[in-house]
């Protein structure tokens, strides 16, 4: 059986919000090291890989490997019923056909319990090849989210051009064009605000902003984001 | 590109 408790439900709320636009149904693969998710979107344009390590839960117990087939639209609706600061406990029994979620307010005067029916999700486990990327850009995740949102007013596509001392995001459409250039900064107080560009060779690649905007929804999970680019290789965010 | 290409071929099935 699985039993895992998170001190704050907001962590799973943010994760589900970041994933639900891309993934309809997928397995939570649970084992003693944690809960993993790997899924492609329906058009096989994006792969989502997520690992919630056992150390992030207290307590965490998983007796044997189990795959819990989750409908993310349903889970997202249920997670909206949790307060951000609620304790969250998820449970699934042996051969379970439901995932049980319990939300407990901080002073324990409100306890909500929901069961979500599990599904059979037929999914391949994919290996992600080790890649030496031509360019790796680290920047504040909120800045990346804003760039994707701002450039969406001009085009459905953004070209990301990484050169030695800058990265340029360019959008060009029927009504005009726009670009945002981000330069590395070293002397910043907060690590999350740091911008670095690590370059093996300059690259210039185009991506659908629809997908980048989906990925940017994960910006609430971490202060910084890393973009890794190479020709003929999927962008890794 | 208006549409992104599939990336499925990049990954190996385990």
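Chains as they are written, first to last, in the numbering used here: chain A, 12 to 248; chain B, 2 to 15. Cβ atoms here follow ideal geometry from the backbone N, Cα and C, with glycine treated the same way.
Requested in this report: Please determine, among 30(A), 35(A), 63(A), the residue with the shortest C-alpha to C-alpha distance to residue 42(A).
Outcome: Sequence index remark: in the first chain, residue 42(A) carries index 31 (1-based). Ranking the options by Cα distance to residue 42(A), first place goes to 63(A).
Report task. Measuring only between beta-carbons, confirm whether residue 56(A) sits less than 7 Å from chain B. Result -> For the purposes of this step, residue 56(A) is taken as the residue at position 45 of the first chain. So, interface residue.
Report task. Measure the C-alpha to C-alpha separation of residue 234(A) and residue 171(A) and round it to an integer number of angstroms. Result -> Position 223 of the first chain holds residue 234(A). Position 160 of the first chain holds residue 171(A). Roughly 21 Å between the two C-alpha positions.
Query - Test: residue 10(B) CB closer than 7 Å to a CB of chain A - result: Mapped onto the second chain, residue 10(B) falls at position 9. By this cut-off, residue 10(B) is not an interface position.
Report task. Use the C-beta contact count for residue 211(A): other C-beta atoms within 10 angstroms, 16 or more gives buried, fewer gives exposed. Result -> Here residue 211(A) refers to the residue found at position 200 when the first chain is read from its first residue. Exposed: under 16 other Cβ atoms inside 10 Å.
Requested in this report: Answer with buried or exposed for residue 149(A), where buried requires no fewer than 16 other C-beta atoms within 10 angstroms of its C-beta.
Outcome: As a first step, residue 149(A) must be located in the first chain, where it is residue number 138. So residue 149(A) ends up on the buried side.
Query - Interfacial residues, the segment 121-155 of chain A to chain B, with Cβ spacing under 8 Å - result: 135, 136, 137, 138, 139, 140
Query raised in the report: Where does residue 58(A) sit, in a helix, a strand or coil, going by DSSP?
Result: The residue you call residue 58(A) lines up with position 47 of the first chain. If DSSP states are grouped into helix, strand and coil, residue 58(A) belongs with the strands.
Query - Alpha carbon of residue 236(A) to alpha carbon of residue 195(A), nearest angstrom - result: By one-based count along the first chain, residue 236(A) stands at place 225. By one-based count along the first chain, residue 195(A) stands at place 184. Approximately 14 Å between the Cα atoms of the pair.
Query raised in the report: Taking all protein chains shown into account, do 16 or more other C-beta atoms lie within 10 angstroms of the C-beta of residue 230(A), making it buried, or fewer, making it exposed?
Result: Position 219 of the first chain, counted from the start, is the residue given in the question as residue 230(A). Buried is the call here.
Query raised in the report: What are the residues that DSSP puts in a beta bridge with residue 126(A)?
Result: Here residue 126(A) is taken as the residue at index 115 of the first chain, counted from 1. Note: residue 126(A) sits in a beta bridge opposite 111(A).
Query raised in the report: With burial defined as no fewer than 16 other Cβ atoms inside 10 Å of the residue's Cβ, what is the status of residue 60(A): buried or exposed?
Result: In the first chain, the residue the question calls residue 60(A) occupies position 49. The residue is exposed, with fewer than 16 neighbouring Cβ atoms inside 10 Å.
Query raised in the report: In terms of residue numbering, what span does the beta strand (DSSP E) encompassing residue 160(A) cover?
Result: In the first chain, counting from the first residue as 1, residue 160(A) sits at position 149. Run containing residue 160(A): none in the beta strand (DSSP E); it sits in the alpha helix (DSSP H), 152-162.
Query raised in the report: Are the Cβ atoms of residue 188(A) and residue 165(A) separated by less than 7 Å?
Result: Here residue 188(A) corresponds to residue number 177 of the first chain, with the count starting at 1. Here residue 165(A) corresponds to residue number 154 of the first chain, with the count starting at 1. In this structure, residue 165(A) lies closer than 7 Å to residue 188(A) by Cβ.
Query raised in the report: Helix, strand or coil: which one does DSSP assign to residue 207(A)?
Result: For the purposes of this step, residue 207(A) is taken as the residue at position 196 of the first chain. DSSP places residue 207(A) in strand when its eight states are reduced to three.
Query raised in the report: Is the segment 125-141 of chain A close to the segment 152-162 of chain A, with three or more CB pairs under 8 Å?
Result: By the criterion of at least three beta-carbon pairs nearer than 8 Å, the segment 125-141 of chain A is not in contact with the segment 152-162 of chain A.
Report task. Please compile the residues from chain B whose C-beta is within a distance smaller than 8 Å of the C-beta of residue 244(A). Result -> Working through the first chain from its first residue, we reach residue 244(A) at position 233. Ordered by position in chain B, the residues that pass the 8 Å Cβ test against residue 244(A) are 11.
Query raised in the report: residue 132(A) to residue 48(A), Cα distance in whole Å?
Result: What you label residue 132(A) is simply residue 121 of the first chain in a count that begins at 1. What you label residue 48(A) is simply residue 37 of the first chain in a count that begins at 1. Distance between the alpha carbons of residue 132(A) and residue 48(A): 12 Å.
Query raised in the report: To the nearest angstrom, how far is it from the Cα of residue 34(A) to the Cα of residue 241(A)?
Result: For the purposes of this step, residue 34(A) is taken as residue 23 along the first chain, with counting starting at 1. For the purposes of this step, residue 241(A) is taken as residue 230 along the first chain, with counting starting at 1. Cα-Cα distance, rounded: 25 Å.
Requested in this report: Give, in chain order, every residue of the segment 34-56 of chain A whose Cβ lies closer than 8 Å to some Cβ of chain B.
Outcome: 51, 54, 55, 56
Query raised in the report: Would you say residue 79(A) and residue 58(A) are within 7 Å of each other, going by their C-beta atoms?
Result: Residue numbering aside, residue 79(A) sits at position 68 when the first chain is read from its first letter. Residue numbering aside, residue 58(A) sits at position 47 when the first chain is read from its first letter. Cβ distance not < 7 Å, so residue 79(A) and residue 58(A) don't count as in contact.
Requested in this report: Sort out for me which residues DSSP pairs residue 219(A) with in a bridge.
Outcome: By 1-based counting over the first chain, the position of residue 219(A) is 208. Per DSSP, 168(A).
Report task. Could you pull out every residue in the same chain whose Cβ sits closer than 7 Å to the Cβ of residue 56(A), ignoring the five residues on either side in sequence? Result -> As a first step, residue 56(A) must be located in the first chain, where it is residue number 45. Contacts found: 222.
Report task. Answer with yes or no whether the minimum CB distance from residue 71(A) to chain B is below 7 Å. Result -> If you number the first chain from 1, residue 71(A) lands on position 60. By this cut-off, residue 71(A) is not an interface position.
Report task. Pick out whichever of 124(A), 202(A), 130(A) has its Cα sitting closest to the Cα of residue 151(A). Result -> Indexing the first chain from 1 puts residue 151(A) at position 140. The candidate whose alpha carbon is nearest that of residue 151(A) is 202(A).
Query - C-alpha gap between residue 91(A) and residue 17(A), whole angstroms - result: In the first chain, the residue the question calls residue 91(A) occupies position 80. In the first chain, the residue the question calls residue 17(A) occupies position 6. Cα to Cα, residue 91(A) sits roughly 16 Å from residue 17(A).
Query raised in the report: If you draw a straight line from the C-alpha of residue 14(A) to the C-alpha of residue 70(A), how long is it?
Result: Stepping through the first chain from its first residue, residue 14(A) is reached at position 3. Stepping through the first chain from its first residue, residue 70(A) is reached at position 59. Between residue 14(A) and residue 70(A), the C-alpha separation is close to 8 Å.
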